[in-house]
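The block underneath contains the structure these notes are about, expressed in structure tokens.
Protein chains: 2
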Amino acid sequence: MSDRSPWVTDENAALLTDLYQLTMVQAYWREGLDGDAVFSLYYRTLPEGRSYLLACGLEDALRFLETFRFGPDALEFLAGRDEFSREFVDWLGGLRFEGDVWALPEGTPVFPGEPLLEVRGEIAAAQLAETLVMNQVHLQTVLASKAARVVAAAAGRAVVDFGLRRMHGTDAGMKGARAYHVAGLAGTSNVLAGRVYGVPIAGTMAHSYVQAHDDEQGAFRAFAELYPETVLLVDTYDTLEGVRNVVRLARELGDDFRVRAIRLDSGDLAELAVRSREILDQAGLERVEIFASGGLDEHSVAALVAKGAPIDGFGVGTAMGVSKDAPALDIAYKLTAYAGKGRLKLSPGKKILPGRKQVFRVEEGEGEARRAARDVIARADEEAPPGGRPLLAHVMAGGRRLPAGRVSLDQARERARAETALLPERLRGLEPLAEPYPVEVSAGLRAFQEEVALRVEGEGG
Amino acid sequence: MSDRSPWVTDENAALLTDLYQLTMVQAYWREGLDGDAVFSLYYRTLPEGRSYLLACGLEDALRFLETFRFGPDALEFLAGRDEFSREFVDWLGGLRFEGDVWALPEGTPVFPGEPLLEVRGEIAAAQLAETLVMNQVHLQTVLASKAARVVAAAAGRAVVDFGLRRMHGTDAGMKGARAYHVAGLAGTSNVLAGRVYGVPIAGTMAHSYVQAHDDEQGAFRAFAELYPETVLLVDTYDTLEGVRNVVRLARELGDDFRVRAIRLDSGDLAELAVRSREILDQAGLERVEIFASGGLDEHSVAALVAKGAPIDGFGVGTAMGVSKDAPALDIAYKLTAYAGKGRLKLSPGKKILPGRKQVFRVEEGEGEARRAARDVIARADEEAPPGGRPLLAHVMAGGRRLPAGRVSLDQARERARAETALLPERLRGLEPLAEPYPVEVSAGLRAFQEEVALRVEGEGG
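Protein sequences appear in the order of chains G and R.
For what it's worth, this note's numbering labels the leading residue of the first sequence as 183, then goes sequentially.
For what it's worth, this note's numbering labels the leading residue of the second sequence as 183, then goes sequentially.
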């Protein structure tokens, strides 16, 4: 039992941060450290079996930075704690994010070490933003990347998101539906996502509807009367008998029968699809489609497609909704420059690329055969290598969005489609790669990294 | 870019549902199906390697049911879609949840097949509630169950939640911090969780703070001046050199040195802890504790404890925050009775226990040696087996909370502690069980299940 709302909104999001961000910021403030900082958000290694990730979540990161402020309730709470002085809390009340952001547009395939975004601004707000910016970019990149695999596995058949009930909380349900749209899903069952994002929503019926009726045939009849072009769930009792009940309904309704599809949700989906198809076809119901769901992931979808199972669309829930094989990324938000100097840390295995950077995607081939060959991570002011296209866009300046930071969800979806199509064929399969996609660090950035490391070793040791 | 808020609150939560819930409810409404339904929320099987789960999330499920209503924006959206009639949407505007709920109190260990909660009420609201009730109970049960393992592994040492940045969205961050408190964590880094739930918040410093200073020693000095009893992060450059910098600071400050602990965040934590302990002890800093973090989960925590590493507390983030080994449960919310009749479905492997039920935990032994021996799932009106204690409590009646539905977070935490202590020792370890904890279905419930199955086979086939 709690009297305060457990929901996060624009109004309280600034307080959704790690305590150490606030203690550090009070220290910066007290020490007069108000120089410009650069933070870089990137991931270190690909999850096992993955070939690339799809960048997503920038929109919510920018929304947070735009609306970032501590409201009266947050300030009252902080003032009541021993760590924070009244003077600091008052100063915090006026703090806004007024810095710059460069980022990979949503829908861009991203490889290890490449900045998904870089934040440059006064260190206080840039530091405080870490937790929520990471939380949102991490979540949506995890879910968009997983969904892209399911879409690839479905090989052109529609994939619909059924995951809301087992995704991790309400925010994951919303942002997931958004990320899925970017990744190319046909729709989501999440009605609020339809309202907020304008994404297509879809749904059929549940077993409970059939169970609430005294017989399956009666349930089908009632549902089809109200929703003539519906999808009927046939596996509540006996799947093939359920299909026969659909056929009986078709005979009963004659020309009024417009049911669009049946849904299989359990059992051996490949075999049941074949036998259901036969029953439907023999009854002249060739145009009734078969939709499959029930514990699917990209591997089972790919297996069904490979077997030639006559399935026209897939409903995918939990495995995609929690990205079961890779629910987390080793994403990091690291200080790479402060007060005009490159910064890094020397902890084993966690070497940082200092300063502001750019990522170039070097493409080869012409027209349809054009493909990404390698990426180069460089210093922000380096020239593009031959054939190299800069990926990081300037999306926010002085705390306000630039045109590149205003991208519709459909534009992000189109970018994901186009950019994924440019990847080498071997990256688009589900199998782990023998040879990963090459990501190089430019000579200029490498030299700068060594220079900074030498300086830091001299000072820090 | 979206003009509508992407945040879920009490005001729009009713629309955070699967589209099929709404289409089914319109069908129920049109068909005049307004009888009482019973829905049962349970999970089918334990994730691999798990011995029990810790029930959590009831508070948010009840909050949702209490505040459930479609606001003007939701109604406008639905009215604008082809599926829904104006008349139905108007009716929906007046719909409230006015039913009853029985539930396992938060912090109760729960086994496969046992209802975490049962909802009885008019079918419309009970059906519509499915998605969000599942979403919240699933999330918090996943996270509390994982955290209970980390707490067990730490064997009395403090465990602090560092997961917010990589948990799945803002809601997971909030509800996770709540679930972790129930499971026995010492605190969370999540400041807003501290504000909303009153749970202890904790934090140290990040590498960026050290990096923003020209040398580590200067960073330590400045931080300890502001926060004398702080925890200093020693691995930004060279861990043992960092520990020596702490020793130097202690010499410099003399009696004013009150630093509480150092934090190790990378490298071989067992070895670094031993060597750090030596350095600290040799300098007379025996009372400075060692806190460890960096990619920890219950197994690495247990290994550090088993090795006798001199670590006094653990910060655990991502692996716990996404429940990496088991990010999802096969939880289900199934219709088990409607209009006074038991209901089930016959899909393979998914057999339902019909009707309203009770779970009895049968205990054996006396005093300190008292332990749970087996559970019995029975019909709601059955008598308790000898030594059996009923676990499901009546928490809501007529849409309003009963006293058993008003439980503070600290009470839930205490319940988790006490109930977990009653489990047989073998269930509290991290290893998979050779023999699972016995869960029986009472003869009465089994007979009822067969009776319903026979009736349903007769009707549905």
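The beta-carbon is built from N, C-alpha and C at its ideal position, and this holds for glycine as well.
Buried/exposed call for residue i, threshold 16 Cβ in 10 Å
i	result
R:S505	buried
R:R331	buried
G:A600	exposed
R:P153	An answer regarding residue 153 of chain R cannot be provided, because it is not within the stretch 183 to 643 covered by chain R.
G:G524	buried
G:S590	exposed
R:G358	buried
R:P568	exposed
R:P536	buried
R:D272	exposed
G:D656	Residue numbering for chain G in the displayed model covers 183 to 643; residue 656 of chain G lies beyond these limits and cannot be assessed.
G:G549	exposed
R:G369	buried
R:D146	Residue 146 of chain R cannot be examined here, being either before or after the span of chain R that is shown, 183 to 643.
R:G262	exposed
R:A603	exposed
R:A616	exposed
G:T205	buried
G:Q203	buried
Partner residues on chain G for residue i, Cβ-Cβ distance less than 8 angstroms
i	result
R:T323	In chain order: nothing, as chain G lies at least about 11 angstroms away.
R:M316	R347 and R348
R:V378	S184, R186, S187 and P188
R:H320	R347 and R348
R:Y520	Q393 and A394
Integer Cβ distance of residue i from residue j, believed to fall under 8 angstroms
i	j	result
G:T421	G:L446	6 angstroms
G:L517	G:V638	No, G:L517 and G:V638 are not in contact; Cβ-Cβ is about 12 angstroms, not under 8 angstroms.
G:D417	G:S448	5 angstroms
G:W211	G:F293	No, G:W211 and G:F293 are not in contact; Cβ-Cβ is about 37 angstroms, not under 8 angstroms.
G:V333	G:A365	6 angstroms
G:Y234	G:L609	6 angstroms
Cross-chain neighbours of residue i in chain G, by beta carbon under 9 angstroms
i	result
R:Y409	T205, Q208, A209 and E265
R:I305	S390 and A394
Neighbouring residues, chain G, relative to residue i (Cβ below 7 angstroms)
i	result
R:M356	P188 and V190
R:A404	A209 and E213
R:F279	Simply none; closest approach about 16 angstroms.
R:Y202	S371, G385, T386, M387 and A388
Residues near residue i by beta carbon distance below 7 angstroms, same chain, minus five either side
i	result
G:A575	W284, A285, P287 and A586
G:E564	Q540, S624 and G626
G:Y409	none
G:V425	V416, I444, S458, I461 and L462
R:A560	K539, Q540, F542, S624, G626 and L627
Own chain residues within Cβ distance below 6 angstroms of residue i, not counting five before or after
i	result
R:Y515	F221, L223, E312 and M316
R:R552	E545
G:G499	F344 and G345
R:A501	D479
R:H395	A401
R:A562	R538, K539 and Q540
Same chain, Cβ closer than 8 angstroms to residue i, five either side skipped, listed in chain order
i	result
R:D494	R339, A340, A443, E471, I472 and F473
G:A195	F246, T249, F250 and L314
R:V190	L198 and D353
R:A306	V207, Y210, W211, D216 and L277
G:F279	L247, E248, F250, G303, A307, A308, A311 and G581
R:A335	E480, H481, V483, A484, V487 and L612
Interface residues of chain C facing residue i [CB-CB closer than 7 angstroms]
i	result
G:H576	No chain C appears in the structure shown, which is made up of the protein chains G and R.
Neighbour list for residue i in chain R, Cβ cutoff strictly below 8 angstroms
i	result
G:L286	The premise fails here: G:L286 is roughly 17 angstroms from chain R at the closest Cβ pair, so nothing lies under 8 angstroms.
G:P509	H350, V504, S505, K506 and P509
Amino acids of chain R, ordered along the chain, whose beta-carbon sits closer than 7 angstroms to that of residue i
i	result
G:H199	For the sequence presented, residue 199 of chain G should be read as Thr rather than His. Under the 7 angstroms cutoff, chain R gives V373.
G:T500	A510
G:F259	R377
Neighbouring residues, chain R, relative to residue i (Cβ below 9 angstroms)
i	result
G:R525	S390, Q393 and A394
G:A330	Correct list: empty, because the minimum Cβ distance to chain R is about 17 angstroms.
G:K516	H389, S390 and Q393
- Query: What are the uninterrupted segments assigned as beta strand (DSSP E) that are 3 or more residues long and contained completely in the segment 327-403 of chain R, given in chain order?
  - Reply: 340-343
- Query: Hey, which unbroken runs of the alpha helix (DSSP H) at 4 residues or more fall wholly within the segment 546-586 of chain R?
  - Reply: none
- Which runs of the beta strand (DSSP E) fall wholly inside the segment 214-274 of chain R and span at least 3 residues, in chain order? 218-225
- Item | Complete runs of the alpha helix (DSSP H) confined to the segment 395-478 of chain R [at least 4 residues] | 398-408, 421-435 and 451-464
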